[in-house]
Every structure is written in C-alpha cells, then in structure tokens.
Ligand SMILES: Cc1cc2nc3c(=O)[nH]c(=O)nc-3n(C[C@H](O)[C@H](O)[C@H](O)COP(=O)(O)OP(=O)(O)OC[C@H]3O[C@@H](n4cnc5c(N)ncnc54)[C@H](O)[C@@H]3O)c2cc1C
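Numbering (this note's numbering), first residue to last: 1 to 645.
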C-alpha cells in the first residue's frame with residue numbers, strides 16, 4: 001500500500017508529539033478519576049450525587065416531553081432502516097422543535113439544555129432511531145456549536161449559533177483516507193492568501209457531511225512569515241465553491257447516517273472563519289470532546305434500557321423445556337447482567353454529565369471512561385439480548401413482522417452499536433489516552449527520567465524530584481479506609497443491601513491499582529508506553545472502579561430521594577459483585593498474560609510464516625487498493641451534495 005503523494009511521512013514519535021501537544025496539560029480542578037488512578041478514593045468529589053437546579057430540570061423535562069411526543073408520532077425507525085435515509089419531514093420537524101439547538105444558549109435561539117438533559121434527549125431519540133441520534137449528536141457534540149461555544153469569537157457566535165440552533169446542520173471533518181487515529185498525518189492544507197485561506201484536501205466519513213450546511217474542517221496551515229502554521233480549525237460553508245460530496249458511504253449499521261466523502265478544491269475561506277489561533281485545531285477538537293464524548297455513552301444507556309425491556313418481556317413469555325426461558329439459569333445470568341450493567345451505565349453517564357454541568361470538577365477522564373466503558377458494555381448487552389432472543393435475535397425486524405411476529409430489531413441494535421467502539425476515539429486509542437492522563441502525575445515528576453531525549457543531568461535532577469514525590473506518596477498506598485470495617489457506613493442503611501463493602505473494595509483496589517502502575521513504571525520506564533496490553537487493563541480496572549463508585553452513589557441518591565431506593569441498592573450490589581469479578585480477572589492478567597508470546601505470533605503472521613493456515617478459502621475482496629488516493633484536485637465525480645437527498 002502506498003499513501004497519496006501529499007501525505008506527510010510521520011514517525012511514531014512525531015505522531016505522539018502531535019497528540020501530546022494537543023493535550024490539555026493543566027489540571028485546574030479536582031478530578032475524581034485521576035485521583036482514583038493515583039490510589040486516592042475521593043468519594044467526597046462525587047457524593048452526595050450532584051443535582052440539577054430546579055429551573056434547569058424543569059426546562060429539560062418540558063423539552064423531553066415534547067421530544068417524546070415527536071419521536072412517538074413522527075419518527076419511524078423501521079422506515080429509516082429500510083430506506084437507509086432519514087425523511088426530510090423528520091429533519092424539518094427536529095428543527096422546528098429546536099432539537100438542533102439543545103445545547104446552544106438561549107440568547108442565540110437555542111434551548112440552553114444542560115449536559116444531563118441533552119444526553120437524556122439523545123438517549124430518547126436514539127432509542128427510536130440510532131441514525132437520528134447520531135445526526136443530532138454529530139451536529140452538537142462534535143459539530144460546530146460546541147467548538148464555537150468554547151473557542152469562537154463574539155462575532156462568530158453571533159453569526160453562526162442562531163443558524164445552528166434552528167436551521168443549519170453541521171459536521172466535523174478531521175478524518176482523511178490516510179488519517180484515522182493519528183492526526184499527525186493530516187494532509188488537507190489551508191494556505192494563507194491575503195485575508196483568506198485556500199483549502200485543498202479530501203475528508204472521509206463525514207457524518208452529516210452529505211446534508212450539512214456548515215462544517216468544522218481541520219486543515220494544516222503551512223508555516224510561513226506571519227503564520228505560525230499547524231493543524232487549524234475552520235468554519236466552512238458547505239455550499240462554498242469547490243466543495244464536493246463524492247460519495248454517500250453506507251455501513252454495517254446506522255443505515256440512515258448521512259455520511260460522505262467531502263473533497264475541497266481551492267475552497268476560499270475568510271480568515272475570520274478560523275476558530276482559535278493557527279495550530280490550535282487539535283486542541284480545540286480534543287477539548288470539545290471532553291464533554292462531547294458523553295453523547296455516545298448516553299445513547300448506549302438508552303440501548304441498555306431497551307434491551308432490558310425486551311429481555312423482560314420476551315423471556316417471561318417464551319417457554320422452552322417446560323418453563324419461561326428466564327428461569328433457565330444461563331438465560332437468567334444474562335438478564336441480571338443486562339439490568340445491573342444498564343443501571344451502572346446510567347449512573348456513570350448521569351454522574352459525569354451532572355459534574356460537567358456543575359463545572360466544579362475536571363471530568364475529562366470520567367467522560368473518556370464513560371465513552372470507553374459505555375460503548376464496550378452496551379455492545380455486550382446487545383449481544384446478550386440477541387442470544388436471549390435465540391433465532392429471532394438474528395432475524396431482522398422486517399422479516400419478523402412479515403411472519404406476523406413483533407418487529408424487534410435486536411440484530412439492528414447490534415449493528416448500530418458496533419461503531420461506538422471505533423469512532424470518537426477507538427477503544428485502543430481511549431486506552432492510551434486515559435492511561436496517559438492516569439500516569440500523568442508520574443510523568444510530571446519522573447518524565448525526564450524516562451524521556452530518551454533528556455541528558456543524564458536532567459535525569460538526575462528528575463530522579464531527585466521523583467524521590468521526594470514517591471517518598472510521600474508510596475506509604476499512603478499501603479493503608480486506607482478500605483481496610484476498616486466500618487468505613488462508608490452511609491451506604492449501609494437499615495433494610496437495604498450493604499454497599500459500603502463495595503466502596504471499601506474500590507478504595508483498597510484503587511491503591512492496589514496505583515501500586516501496580518508504579519511498579520510497572522519502575523520496571524519498564526521509557527518502554528511503559530509501548531505496553532499497551534498492560535495499560536489497557538489498568539484503564540479497564542479504573543473504568544470498573546469508577547462505574548462501581550457511580551452505581552453506589554446513584555443508589556444512595558435514589559434512596560435519599562425516595563425513588564426505588566431498595567431496588568437501586570440491589571442493582572448496585574449486583575453490578576458491583578459482577579464488576580469485582582471482572583476486576584480480579586484483569587488484575588490477574590496484568591502479570592499473567594500472553595503479551596510477549598503474542599508479539600512473536602504477530603511477527604510470524606506478518607512475515608508470512610503461517611500463510612499455510614490461510615489455505616482452503618477464497619478472498620472475495622479482490623486485489624483493489626487498500627486506501628483511496630486522496631490527492632487534492634478537482635473532483636471528476638458527480639457532485640452528489642444535494643441530488644442524493
Ligand atoms: C460511521 C462512521 C462515522 C464517522 N464519523 C466521523 C466524523 O463525523 N468526522 C470524522 O472526522 N471522522 C469520522 N469517522 C472516523 C472515525 O473517527 C475513525 O474511523 C476512527 O478515528 C478510527 O480511525 P481509522 O478508521 O482510520 O482507524 P485506524 O486509525 O487506521 O486504526 C486501525 C486500528 O488500529 C488501532 N490503532 C490505531 N492506532 C493505534 C495505536 N497507536 N495504538 C493501538 N491501536 C491503534 C485502531 O484502534 C484500530 O483498531 C467516522 C467513521 C465511521 C465509520
């Protein structure tokens with residue numbers, strides 16, 4: 001495979017440096033999850049569970065009622081699936097009720113919903129049609145409104161936010177044929193020309209790109225006199241001359257997604273349309289995602305709720321071997337997993353979103369954990385639902401209906417959910433990103449020791465600094481309240497299941513997690529970042545501990561407000577017990593695994609040693625190019641921007 005000729009050649013180190021430069025490096029506010037990875041269980045940061053202000057809740061509930069009515073009467077999920085297209089009337093209706101502006105401030109004509117209610121709205125819409133959920137979320141969570149809100153000039157806000165709140169759909173364009181997880185290779189250019197920039201390049205998988213009115217485009221400004229250069233974010237009108245949508249992509253799921261390939265050929269954009277300074281594009285994108293990342297897990301919560309409903313209704317009526325299948329233990333275990341995990345996912349998303357609204361804590365790790373954990377667990381939940389439904393789980397809703405049965409789209413959910421583990425940061429990338437933040441304190445003190453570019457003198461100085469830090473930090477990891485039988489007594493109210501035992505477990509285990517991380521740091525030093533298996537497990541343990549904490553805090557919230565307290569305690573208990581088994585398994589795999597052996601097998605696979613194993617099959621994919629040429633230039637394909645809608 002060869003990349004297009006304009007592609008910058010980028011080494012692994014350069015790729016990391018670009019990612020590092022885009023990181024927000026300061027921690028101005030406390031972070032529950034960061035502390036957790038450092039062995040400090042700061043329950044006080046999340047308990048009592050933060051609550052929305054009455055006025056915010058009222059506004060949110062009012063909109064949810066309106067949206068529910070709209071979804072029930074105007075959105076036909078089966079039709080969208082069948083025709084692979086969201087009808088214009090749905091999009092117009094969403095605009096009318098203000099759904100494009102859920103997160104936009106009221107002063108710009110938006111609804112000014114909080115993150116909590118925005119997420120609830122997405123979960124609601126996503127339960128009827130994941131494609132419509134994706135349209136709204138791509139528009140508001142990664143599209144133009146959020147970066148404008150955080151980084152736009154007053155003029156940009158005045159010009160665009162009212163349009164985005166009511167009529168204009170936006171898209172976010174970062175990915176290119178040769179640029180996926182690694183933006184350092186970004187090839188789209190924006191060359192300064194007077195008080196304009198000229199954009200050339202090709203963007204791939206642009207969600208909403210086919211129907212967008214406005215786009216956020218990431219392009220590289222070359223360094224020149226008066227121009228700092230670097231990857232930069234631009235607001236581009238989709239109708240600009242030189243913009244062509246070349247293909248409407250179709251996928252395994254989310255069939256209604258208006259996702260395209262968008263080509264830019266000498267597209268002139270006024271300098272006033274630059275968001276933030278030159279070179280700030282990736283930082284803007286990542287900061288936008290700090291809260292934007294909560295949308296996907298919010299829709300995963302909706303998916304979990306739906307799976308629970310179908311599992312309950314189906315397994316109580318479907319009888320095999322003399323009883324409802326729910327009463328066969330193997331099926332029951334799946335139902336329990338679906339219920340407990342859905343409870344925890346909602347706890348994670350609501351807690352993180354409420355913390356985002358309060359803005360007292362830094363929630364970037366929590367949101368990233370929510371995305372990682374939500375997408376992985378929802379996938380397992382949907383897979384279990386398919387299994388519980390048996391052959392009907394594999395059958396399409398349309399076929400079920402044609403045979404006169406209830407049109408349950410279980411297989412569709414599985415297909416629709418699959419992408420969540422890939423986009424907005426794949427699971428592998430989320431592992432690295434969270435691990436990077438989790439070990440940040442170590443790198444801050446010990447960074448120079450492990451940086452191969454630093455001199456011996458620097459390393460010695462860093463060693464002394466690190467010595468002081470660790471002399472104070474390490475002893476604290478040995479003992480804590482998790483060892484004391486009466487700690488967290490609030491979580492063992494009379495007549496309820498005991499959750500205090502789980503919080504003690506989280507406290508103890510967070511210290512064990514930090515000790516393991518420290519041990520690995522001293523063992524591998526500079527090679528630590530290449531130990532992806534180890535880091536992934538550390539992050540997964542952190543995700544479980546966060547989910548357990550959130551589940552307990554939510555159960556106590558529900559008890560104290562009088563809603564379903566006893567049942568919530570039961571579900572939180574079930575979740576924590578299931579989660580603890582996963583945590584213990586992950587700890588076991590920290591040191592007992594096949595990571596080294598796997599490397600040997602990979603070498604064998606790539607060198608062709610095992611090609612005999614591939615014999616006896618045909619490969620229907622043929623021998624076409626792996627990656628389409630993204631050389632900028634005029635499009636010779638038909639402009640499908642409007643005609644395909
Ligand atoms: C339906 C859909 C909608 C999308 N919407 C948008 C959109 O609106 N805007 C936009 O800009 N993009 C969008 N994308 C792109 C999406 O964000 C990318 O697919 C994603 O970032 C992964 O990039 P990639 O597919 O090129 O995979 P690659 O980066 O090529 O990765 C291939 C595999 O390698 C792994 N990998 C890569 N690097 C590392 C590493 N350093 N360590 C460990 N593992 C690694 C990945 O996790 C993955 O498993 C969309 C994609 C799809 C399919």
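Think of the CB as a built atom: it goes at the ideal place given N, C-alpha and C, for glycine as much as any other residue.
Rounded to the nearest whole angstrom, the CA to CA distance from residue 257 to residue 304 is 21 Å.
Looking from the CA of residue 477, the closest CA among 37, 77, 32, 10 belongs to 37. The residue from 52, 81, 34 with its alpha-carbon nearest to that of residue 411 is 81. For residue 156, the shortest C-beta to heavy atom distance toward ligand 1 is 8 Å or greater.
One alpha carbon belongs to residue 425, the other to residue 527, and they sit about 23 Å apart. One alpha carbon belongs to residue 152, the other to residue 77, and they sit about 35 Å apart. Taking a cut-off of 8 Å for Cβ pairs, the segment 365–381 and the segment 597–610 do not touch, as fewer than three such pairs fall below it.
Taking all protein chains in view, the Cβ of residue 140 is crowded by 16 or more other Cβ atoms within 10 Å, so the residue is classified as buried. For residue 265, there is no enclosing alpha helix (DSSP H); the residue is part of the beta strand (DSSP E) that begins and ends at 259–270. Looking at the DSSP output, residue 275 shares a beta bridge with 233.
In the assembly as shown, residue 195 is an exposed residue. Its beta-carbon has fewer than 16 other beta-carbons within 10 Å. Under the DSSP assignment, residue 165 falls in the alpha helix (DSSP H) whose first and last residues are 154–166.
Under the DSSP assignment, residue 543 falls in the alpha helix (DSSP H) whose first and last residues are 532–560. In the same chain as residue 429, and ignoring 5 residues on each side of it, the C-beta atoms closer than 6 Å to its own belong to 181, in chain order. Restricted to the segment 71–126, the alpha helix (DSSP H) segments that are unbroken, complete and at least 4 residues in length are 77–83, 88–96, listed in chain order. Put simply, of 238, 239, 223 the residue whose alpha carbon is nearest the alpha carbon of residue 232 is 223. Our two residues, residue 408 and residue 124, have alpha carbons roughly 17 Å apart in a direct line.
For residue 174 and residue 118, the gap between their C-alpha atoms comes out near 24 Å. In the DSSP assignment, residue 366 falls outside any beta strand (DSSP E) and lies within the alpha helix (DSSP H) extending over 364–388. Excluding sequence positions up to five before and after residue 252, its CB lies within less than 8 Å of the CB of 415, 418, 419, all in the same chain and listed in chain order.
Between ligand 1 and residue 376, a heavy atom-to-CB distance of less than 8 Å is absent. With distances taken between CA atoms, residue 229 lies nearest to 219 out of 219, 236, 470.
Residue pairing of residue 251 in beta bridges, as defined by DSSP: absent, with no partner found. Of the residues assessed, residue 603 falls on the exposed side of the cut-off, its CB having fewer than 16 other CB atoms within 10 angstroms. For residue 203, the shortest separation between its Cβ and any heavy atom of ligand 1 lies below 8 Å.
With a cut-off of 8 Å on Cβ pairs, the segment 330–343 is in contact with the segment 385–403, counting three or more such pairs.
Taking a cut-off of 8 Å for Cβ pairs, the segment 158–166 and the segment 188–208 do not touch, as fewer than three such pairs fall below it.
If you ignore the 5 residues before and after residue 235, its C-beta comes within less than 6 Å of the C-beta of 273, all in its own chain and listed in chain order.
Here DSSP, grouped into helix, strand and coil, assigns residue 323 to strand.
Counting along the chain, residue 334 sits inside the alpha helix (DSSP H) bounded by residues 329–358. About 7 Å separates the CB atoms of residue 18 and residue 282; that is less than 8 Å, so the two are in contact. Not one heavy atom of ligand 1 is found less than 8 Å from the C-beta of residue 93. According to the DSSP assignment, residue 196 belongs to no alpha helix (DSSP H) but to the beta strand (DSSP E) extending over 196–207. At a cut-off of 8 Å, the beta-carbon of residue 532 counts as near ligand 1: some heavy atom of the ligand is closer than that. For residue 522, the enclosing alpha helix (DSSP H) stretches over residues 500–524.
Within the same chain, 407 come within 6 Å of residue 401 by CB-CB distance, once the 5 residues on both sides are set aside.
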